[in-house]
Amino acid sequence: MSITDIEITQKLAHEDDHHEEHHDQPFIFKYIFSTDHKTIAKQFLITGIFWAILGGGLSVIFRLQLGFPDMDMGFLQPILGNWISNTGKLDPEFYLAMITMHGTIMVFFVLTAGLSGTFSNFLIPLQIGARDMASGFLNLLSYWFFFLSSVVMFISMFLSTGPASGGWTIYPPLSALPQAMSGSGTGMTLWLVSMVFFIASTLLGGINYITTVINLRTEGMSFRRLPLTIWAFFITAVLGLLSFPVLVACVLLLVFDRSFGTSFYLSEIFIGGEALPNLGGSPILFQHLFWFLGHPEVYIVILPALGITSEVISTNSRKPIFGYTAMIGSILAIAFLSFIVWAHHMFITGMNPFLGSIFMFLTLIIAIPSAVKAFNYITTLWKGNLIFTPAMLFSIGLVSFFISGGLTGLFLGNAAVDISLHDTYFVVAHFHLVMGSAAFFGLLAGVYHWFPKMFGRMMDEKLGYIHFWLTFVGVYLVFFPLHYIGIAGFPRRYYSFTNFDAFQSFTDLNAFVTVAAAITFGAQFIFLFNFFYNIFKGKKAPLNPWNSNTLEWTTPRIPEHGNWPGDIPKVYRWPYDYSKPGAKDDFIPQTVPYSETPESNTDFDNEMMKNEGITK
Amino acid sequence: MRSNAVILANRAIKIKVFNAKKFALWLFLISVCMLFAGLTSAYLVKKSDGNWLQFDMPQIFLYSTIVLIISILSMHWTYRSAKNNTLLSLKWGLLFTGLLAIIFSYLQFEGWGQLVETNVFLVGNPSGSFVYVFSGLHLVHLLGGLGFLVVVFVDTLKFQVHSKNLLTIEMCTTYWHFLGGLWIYLYLFLVINN
Numbered sequence: 001m002s003i004t005d006i007e008i009t010q011k012l013a014h015e016d017d018h019h020e021e022h023h024d025q026p027f028i029f030k031y032i033f034s035t036d037h038k039t040i041a042k043q044f045l046i047t048g049i050f051w052a053i054l055g056g057g058l059s060v061i062f063r064l065q066l067g068f069p070d071m072d073m074g075f076l077q078p079i080l081g082n083w084i085s086n087t088g089k090l091d092p093e094f095y096l097a098m099i100t101m102h103g104t105i106m107v108f109f110v111l112t113a114g115l116s117g118t119f120s121n122f123l124i125p126l127q128i129g130a131r132d133m134a135s136g137f138l139n140l141l142s143y144w145f146f147f148l149s150s151v152v153m154f155i156s157m158f159l160s161t162g163p164a165s166g167g168w169t170i171y172p173p174l175s176a177l178p179q180a181m182s183g184s185g186t187g188m189t190l191w192l193v194s195m196v197f198f199i200a201s202t203l204l205g206g207i208n209y210i211t212t213v214i215n216l217r218t219e220g221m222s223f224r225r226l227p228l229t230i231w232a233f234f235i236t237a238v239l240g241l242l243s244f245p246v247l248v249a250c251v252l253l254l255v256f257d258r259s260f261g262t263s264f265y266l267s268e269i270f271i272g273g274e275a276l277p278n279l280g281g282s283p284i285l286f287q288h289l290f291w292f293l294g295h296p297e298v299y300i301v302i303l304p305a306l307g308i309t310s311e312v313i314s315t316n317s318r319k320p321i322f323g324y325t326a327m328i329g330s331i332l333a334i335a336f337l338s339f340i341v342w343a344h345h346m347f348i349t350g351m352n353p354f355l356g357s358i359f360m361f362l363t364l365i366i367a368i369p370s371a372v373k374a375f376n377y378i379t380t381l382w383k384g385n386l387i388f389t390p391a392m393l394f395s396i397g398l399v400s401f402f403i404s405g406g407l408t409g410l411f412l413g414n415a416a417v418d419i420s421l422h423d424t425y426f427v428v429a430h431f432h433l434v435m436g437s438a439a440f441f442g443l444l445a446g447v448y449h450w451f452p453k454m455f456g457r458m459m460d461e462k463l464g465y466i467h468f469w470l471t472f473v474g475v476y477l478v479f480f481p482l483h484y485i486g487i488a489g490f491p492r493r494y495y496s497f498t499n500f501d502a503f504q505s506f507t508d509l510n511a512f513v514t515v516a517a518a519i520t521f522g523a524q525f526i527f528l529f530n531f532f533y534n535i536f537k538g539k540k541a542p543l544n545p546w547n548s549n550t551l552e553w554t555t556p557r558i559p560e561h562g563n564w565p566g567d568i569p570k571v572y573r574w575p576y577d578y579s580k581p582g583a584k585d586d587f588i589p590q591t592v593p594y595s596e597t598p599e600s601n602t603d604f605d606n607e608m609m610k611n612e613g614i615t616k
Numbered sequence: 617m618r619s620n621a622v623i624l625a626n627r628a629i630k631i632k633v634f635n636a637k638k639f640a641l642w643l644f645l646i647s648v649c650m651l652f653a654g655l656t657s658a659y660l661v662k663k664s665d666g667n668w669l670q671f672d673m674p675q676i677f678l679y680s681t682i683v684l685i686i687s688i689l690s691m692h693w694t695y696r697s698a699k700n701n702t703l704l705s706l707k708w709g710l711l712f713t714g715l716l717a718i719i720f721s722y723l724q725f726e727g728w729g730q731l732v733e734t735n736v737f738l739v740g741n742p743s744g745s746f747v748y749v750f751s752g753l754h755l756v757h758l759l760g761g762l763g764f765l766v767v768v769f770v771d772t773l774k775f776q777v778h779s780k781n782l783l784t785i786e787m788c789t790t791y792w793h794f795l796g797g798l799w800i801y802l803y804l805f806l807v808i809n810n
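Okay, here's the thing in structure tokens:
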């Protein structure tokens, strides 16, 4: 017995200082199969950037088709090959493939993996004061599952029959029957395989994030002292954990229908005059299962961006975030509501109007926590000592999109209005502003803000400003006109609208949108240059470039595996002590005890100070 | 009022540390719960839609359920043995539980055979397909549990499972009980709905 005891103590001691021994790892374990959360975060970010370029590039190509239907696209033949006909026309089926891939890539690969994967991994251990994630190995698996999923999806784009083409929501029977369209063959199969790996990656990541936040916080880091970024990542991971398994169930039944001939989603279908044997299924069932994931998914996309914005806006307004508790409450409320509103995507499926009005009511309630967040951002900015760093500009841009896109959500949440606006460009405009562009701006704000911590160097501010203004104005120029096109009744996902007389008058507007989209896309290359150039050549970053309170800025310029060379710092206060009356600086980091700041302590702080000895 | 808030705030600072691995296992179990909650609610939604084949669940699924319940008891006994450092009964307990799991899997296959004999196929009315999907997916998770048993058994041979090192067998027991509970839920669900 005593021998085993010694073994256990040795094992524990070994685990305790494992962070000290990673200095001379071979390249492959340090940069490729790394278990360091910072490296994994960078891997997610770079992969996400790759997908963003691809997803954005696709959108410019199909915008060309929509804006300039008579254009000769022969110049794209070297890239797209036979998808461009000899007369220079885009293949209509490939148009569908492109919008499907654009949606899939942006929602899952860029704004879920690229956003949550990057910043949850990077910031959770650094901001809660942990050496690494709860399980570095699971974290490594999470990235490599994502990588595998990316490879499969990428390969599917080069199939001669094209990738999945039934829209990112892959509604059966279109996606279930290979005869329905060429993309529903091998392309759809690879889409499903890729998503299985993607879900595995998300679940592994999510389990790790939740475990880390709950178990590995440093001394003094109570939930009431967590930065709002961590709150947002934490709740996002919970949402993913609860909703992605339902997507597994949904996709699994689709796989059975496609590969084994079951009839979960199929019934009474005739193709070319011949009846299929499938009887008794229901395609509406698919929509219920899909949107039970699909709706929380949009909050999985936007919540991390809102968390990043809270942190960036508070730091750069030099003011505590307005309504810290209300911010947490609104995150929790949004997360809760996100599970009981899914049927507002299905108002026109013939559902019971009474049920529709319940879902409408629940949907409109989401306006309340969303408005709480928007008001709190604005009141944090109000009379602050604003410092317009590029990250701050992108955060303010996010707030702008979140409001202007959110307002149209009120229209669409009403069943009566939705019946006429459903699947029009109005919906496209709505979600691209409120969730697409807003989350994308959150991602960019995060990159600009934490670049110094990721790479130990600074990004160029001037290029950042140019990037911001081109993108911000560009996004509005692209998506605002789409509201008009949508109200006019033009349906989304159509290859061409020149055949309809009613839409002739929108030809100019569509051309305008396409030009704006191309310029906005082009502006992202300024960012790419700024990003990659400054990883190697940027000015060396100071330890705390934004005078921020959170723990990540107490690490060395380039933290080793293990993050802090000595002991993990203890936390004595919340992260938003900016411009505290009486304090000598306009920020007090979380690591400063109340006993060192008697000049700025409130009565409450003095009470807390008496107990600091206990917590030390 | 004020001092109350201070006490509360201070209490919150003292962080309770759970075992991270065990906690992660519970999160995994939650996600499996959501998977089956999704499937069983899909079943109910589809059933209320009409065009639904009613049939009797084969008797053999009752036997397999009993076998699985015995394996839960034997797993519990195994865990008690590890806690009491009776290493021999620990090993036998693991082997016995594993054997019961294999018998359970065999009975599930037989159950599918009986379904086929009563003309309920995987391909056909969704009411039958669901039974195959539920039991098959549960079986996949059970095979994972069997793998976990093997890992614990190998640890036992290396004398790494005993009263001072209970983590792996605790996690294995949790997972095993969960699998048992999950199947009982699925079985009752199917019996009540058929």
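Those sequence lines, one after another, are chains R and U.
Here the first sequence is numbered in my numbering, starting from 1 and rising by one per residue.
Here the second sequence is numbered in my numbering, starting from 617 and rising by one per residue.
Don't be surprised by glycine CBs; every beta carbon is placed ideally from N, CA and C.
Residue-chain proximity (residue i, chain R), Cβ-Cβ < 8 Å
i                   : result
tyrosine 801/U      : no
glycine 654/U       : yes
valine 768/U        : no
asparagine 667/U    : yes
phenylalanine 720/U : no
serine 664/U        : no
asparagine 735/U    : no
valine 739/U        : yes
phenylalanine 805/U : no
methionine 787/U    : no
serine 751/U        : no
phenylalanine 794/U : no
Residue i classed as buried or exposed, judged by whether at least 16 other C-beta atoms fall within 10 angstroms
i                : result
glutamate 21/R   : Low local confidence applies: a pLDDT of 44 at glutamate 21/R is under 50, so the model's placement there is unreliable, and no value is given.
glycine 205/R    : buried
leucine 357/R    : The displayed chain sequence assigns serine, not leucine, to residue 357/R. Exposed.
valine 766/U     : exposed
alanine 230/R    : Here the sequence assigns isoleucine to residue 230/R, which means alanine is not the residue at that position. So isoleucine 230/R ends up on the buried side.
arginine 224/R   : exposed
tyrosine 722/U   : exposed
tyrosine 608/U   : Given that chain U is displayed from residue 617 to residue 810, the structure contains no residue 608/U and the question cannot be resolved.
serine 420/R     : exposed
asparagine 741/U : buried
Any C-beta of chain U under 8 Å from that of residue i
i                   : result
glycine 136/R       : no
phenylalanine 260/R : yes
leucine 241/R       : yes
serine 600/R        : no
serine 579/R        : no
Residue i, DSSP secondary structure in three states
i                   : result
asparagine 385/R    : coil
asparagine 544/R    : coil
proline 353/R       : helix
phenylalanine 270/R : strand
leucine 254/R       : helix
threonine 424/R     : strand
phenylalanine 587/R : strand
leucine 276/R       : coil
histidine 18/R      : Residue placement at histidine 18/R is flagged as unreliable, the pLDDT there being 43, under the threshold of 50; the coordinate-derived value follows with that caveat. Correct three-state label for histidine 18/R: helix.
The ligand PLP heavy atom lying under 7 Å from the CB of residue i
i                : result
asparagine 563/R : Within the structure as shown, the ligand PLP is missing, as the structure has no ligands at all.
> Should the segment 213 to 223 of chain R be regarded as contacting the segment 181 to 200 of chain R, the criterion being three or more beta carbon pairs within less than 8 Å?
Replying inline: no
>> Under 7 Å, CB to CB, which of the residues in the segment 328 to 341 of chain R have a partner in chain U?
In response: none
>> Under 8 Å, CB to CB, which of the residues in the segment 244 to 258 of chain R have a partner in chain U?
In response: Phe244, Pro245, Val246, Val248, Ala249, Cys250, Leu252, Leu253 and Phe256
>> At a CB distance below 9 Å, what residues from the segment 192 to 214 of chain R approach chain A? Give them in sequence order.
In response: Considering every chain present, this structure includes no chain A. Its protein chains are R and U.
>> Below 8 Å, how does it come out for the segment 331 to 343 of chain R and the segment 283 to 293 of chain R: are there three or more Cβ pairs, yes or no?
In response: yes
>> Give me the subset of the segment 91 to 118 of chain R whose CB atoms are less than 9 Å from a CB atom of chain U, sorted by chain position.
In response: none
> Would you call the segment 422 to 434 of chain R and the segment 475 to 487 of chain R in contact, with 3 or more CB pairs under 8 Å?
Replying inline: yes
>> Counting only Cβ-Cβ distances shorter than 7 Å, please list the residues of the segment 670 to 700 of chain U near chain R, keeping chain order.
In response: Those residues of the segment 670 to 700 of chain U that come within reach of chain R (Cβ to Cβ, closer than 7 Å) do not exist; the list is empty.
> Quick one: any contact between the segment 314 to 327 of chain R and the segment 125 to 140 of chain R, if contact means 3 or more CB pairs under 8 Å?
Replying inline: Look at the beta carbons and you see the segment 314 to 327 of chain R not touching the segment 125 to 140 of chain R: under three pairs across the two are nearer than 8 Å.
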